[in-house]
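Only one structure is covered here, and it is reproduced in the block below.
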Amino acid sequence: MEPSDSGNSSCAAPQGTSLVHSFDRKVRPYIDLIDTLRYLGVDQDVGLPAVAVIGDQSSGKSSVLEALSGVQLPRGSGIVTRCPLALKLKRAPGPWHGRIKYRVQGRTINTKLDTPESVGDAVLQAQSELTGDDLGVSKSLIELEVTSDSVPDLTLIDLPGIARVALAGQAVDIETQIKDLIRDHIGRQETINLVVIPCNVDIATTEALKMAQAVDPTGVRTLGVLTKPDLMDEGTERNALRILQNQVFPLSKGYVLVKCRSQRDVEAHQTLAEASRVEAAFFKKHPVFCHVHNGGKLTTTTVLAAKLTEELVDNIKRTLPKLRKDLAEKLREACAELESQGESIPDDARAKQQFINARVMRYNDDVRGLARGEPSRNLPRNMMLYTLVREHFRTWLKDLKRAQDAWLEELDNLIREYIDNRSGRELPGFVSYHAFENLARVHVQRLEKPALNVLAVTCSKLSDVFMRLADDVFKFLPEFNRLVKAKVGAQVQGQEQKARVLIVTLFRMESMVYTQDMLYQNSLREEHQQDHEVTEVTPFIFNSNNHPNLDEDLDVMNKHLRSYFKIALMRLMDMVPMVVRFNMLDELVVALGAELTALAQEGNLAELLCEDEDAMEKRRMVMERVERLHKACATIENK
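For the sequence shown, counting from 1, position 561 maps to 561 in our numbering; every step adds exactly one.
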């Protein structure tokens, strides 16, 4: 539920106690919501609506923030703001309250501030702790909360001023560091960019405006603030007026002209209330700016504060639906990531044993499921082992088909060559069984190498899948994972050797040319029927009435060889995959499961369950992200 928004809010707090309270009820809940989310740290996960304040060095940025907040911020030459400063302003009746918060080395510093004048020193102290004494910058956020009856309801993020030259003690790339830090904030589509531009410089040379234009070319997220109108050379006011009226560098949100306290005013202890009166009087009496001041929309810090509040609240309202959706999506992603990392290792010895047993059982279940083609959980396609093995078996079938086709094409020449080279005293018409046997044996033995290749490729793929599965299940237990992989490698190698012996034996058996008579006769009859020659089986020995010649010998031998090879091929077509599957899937799964179960029981748990430090840190960070996103989702739903 979104914060209450009955009625249209004014751009400035109305006068009168009841009207002020009404205004607060409309505006404050939106700003409080975003402040709470930022405090939870979800700006690390999603973009939060914000107002980022940027400017070149000595642009008057600190003076503008002082005028808005009523507190004394650090001033000086060089880089004064060295960390992002979230300035949370909350208007409320009663005495002034301040608090500064930041994190240093994993611990939160939360300090109460008693007076507005103490803020500057507190910010400097925080920056020193976060950046050290090397005058560098840091991305660490400092949160400054100010509660007073004289501040607007507004949250601003003050960013370091853009330095062009490194001073003594600063990194030579300080300008790059600062610009990278600024881009991290102003590049977010949820951020309103408040660009502070001094009137007494050429606006075309303002680096802050260039950076804002780079990330917001149309100017829809950029509001310009013109400062130091009292320091302009006489006669140049018209140029500033044209900028103020959006005629030089147009911005959708336009510009506001302000006059803040100078360093001399600060040293003279000029109060902010007095500074506000001086500012109004300055514009009222100015010969050029009085014309725009009387309209009440383009000048003074009061107008700027009201405009910023209105812009920020409108931005929050506009982005709230997307923010709610983004937080829910990020929470789902974080929970999924945490689940993928598994539970943390328990401390109790018995719980540790149960932990490792559960991991081993999960691995063994995955291995069995993959071997059966029934995975127990969703795994990538390239780990679907049974599917991959079947592809290799289909490759074996294609190899057999190619070998058969190639052999049949050269079969007549092989037979002719064999008969010519080995014919002796036998009379024509006698087809040699010895020739048939040798030709069949030679061809079958050619298939042994492709069969062993199927085994090798299958073992390689199987080993790869089981190793990657170990990385998935035991990835945060490096020592145990190493031992598991060693067991996998040894078992795969052992089973591969057994399968190799069986395949070699299978082909040695195939060197004995044999099949059942009935099977052979049926195959031979099919060959005759296909050629439409005779319907009866042609014997190996012809009688004298046949008048055979060499072509007849070739034809007879061809049919017998094709008939036998068809039978042998059918045997090999199934037997080789069966040997591979039996040894490399069925037997391997059983042997590996027993090995790993024994390893979990016999090993030194203290050594085996030594978790990777990077993994522990990653899990801790993910758990923190899940926790803050849970809180953020609850916060945004309850508002």
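Where a beta carbon is used, it is the ideal one built from N, C-alpha and C, also for glycine.
Beta-carbon proximity of residue i to residue j, cut-off 8 Å
i      : j      : result
Thr319 : Glu190 : yes
Asp121 : Arg28  : no
Met584 : Ala456 : no
Leu338 : Val580 : no
Val256 : Thr299 : yes
Asp230 : Thr222 : no
Ile162 : Ile174 : no
Leu439 : Leu561 : yes
Ala435 : Glu510 : no
Ile197 : Leu226 : yes
Glu611 : Ile345 : yes
Glu279 : Val292 : no
Ala281 : Cys260 : no
Residue closest to residue i, alpha-carbon to alpha-carbon, out of the options
i      : options                        : result
Met211 : Leu561, Arg390, Ile54          : Ile54
Thr155 : Gln497, Ile142, Gly161         : Ile142
Pro250 : Ile203, Val589, His185         : Ile203
Ser252 : Ala334, Gly219, Glu279         : Gly219
Ala208 : Ile356, Arg441, Ile186         : Ile186
Val501 : Glu448, Leu462, Leu477, Gly489 : Glu448
Met361 : Pro74, Val484, Leu411          : Val484
Asp184 : Val172, Ser140, Val151         : Ser140
Val51  : Arg619, Leu452, Val313         : Val313
Val488 : Ser460, Ile503, Leu414, Ala336 : Ser460
His630 : His97, Thr206, Arg332          : Arg332
Val151 : Glu234, Ala126, Leu609, Ala67  : Ala67
Asn357 : Ala594, Lys26, Thr36           : Ala594
Leu477 : Lys401, Arg359, Glu587, Leu572 : Arg359
Arg103 : Pro93, Trp96, Ala126           : Ala126
Lys330 : Lys566, Arg350, Cys633         : Cys633
Leu408 : His269, Ser563, Lys88, Asn315  : Ser563
Val590 : Ala336, Ala371, Arg277, Arg620 : Ala371
Phe565 : Gly494, Asn638, Ala403, Asp614 : Ala403
Counted within 10 angstroms of its Cβ, other Cβ atoms place residue i as buried (16 or more) or exposed
i      : result
Gln491 : buried
Gln245 : exposed
Asp56  : buried
Thr17  : Legend: pLDDT at Thr17 = 41, less than 50; position of this residue unreliable, no value from coordinates given.
Thr108 : exposed
Ile636 : buried
Pro539 : Residue placement at Pro539 is flagged as unreliable, the pLDDT there being 47, under the threshold of 50; the coordinate-derived value follows with that caveat. Pro539 comes out exposed.
Asp149 : exposed
Val454 : buried
Val442 : exposed
Met557 : buried
Glu533 : Annotation note: pLDDT 47 at Glu533 (below 50); position unreliable, coordinate value reported separately. Under this definition Glu533 is an exposed residue.
Leu48  : buried
Pro321 : exposed
Tyr30  : buried
Collapsed DSSP secondary structure at residue i in the structure displayed
i      : result
Arg28  : helix
Glu129 : helix
Ala499 : helix
Pro198 : strand
Asp5   : Since pLDDT at Asp5 reaches only 43, below the 50 mark, its modelled position is unreliable, and no value is offered.
His547 : With a pLDDT of 39 at His547, under the threshold of 50, the modelled position of that residue is not reliable, and the figure given next carries that caveat. It is coil, neither helix nor strand.
Ser62  : helix
Ala634 : helix
Thr108 : strand
Thr147 : strand
Gln208 : Gln is not the amino acid found at residue 208; the sequence shown has Ala there. Ala208 falls in the helix class under three-state DSSP.
Ile345 : coil
Glu593 : Inspection of the sequence shows that residue 593 is occupied by Gly rather than by Glu. In this structure, Gly593 counts as helix in the three-state DSSP scheme.
Lys228 : coil
Arg99  : strand
Val288 : coil
Thr300 : coil
Val123 : helix
Asp586 : helix
Thr271 : coil
Leu154 : strand
Val256 : strand
Asp56  : strand
Leu640 : This structure cannot speak to residue 640, because the chain is shown only from 1 to 639.
Cross-strand partners of residue i (DSSP beta bridge)
i      : result
Thr191 : Ala50
Glu409 : Partner(s): none; Glu409 has no beta bridge.
Ile142 : Leu85
Lys90  : Thr147
Closer than 8 Å to chain B by CB, residue i
i      : result
Lys228 : No chain B is present in this structure, which holds just one protein chain.
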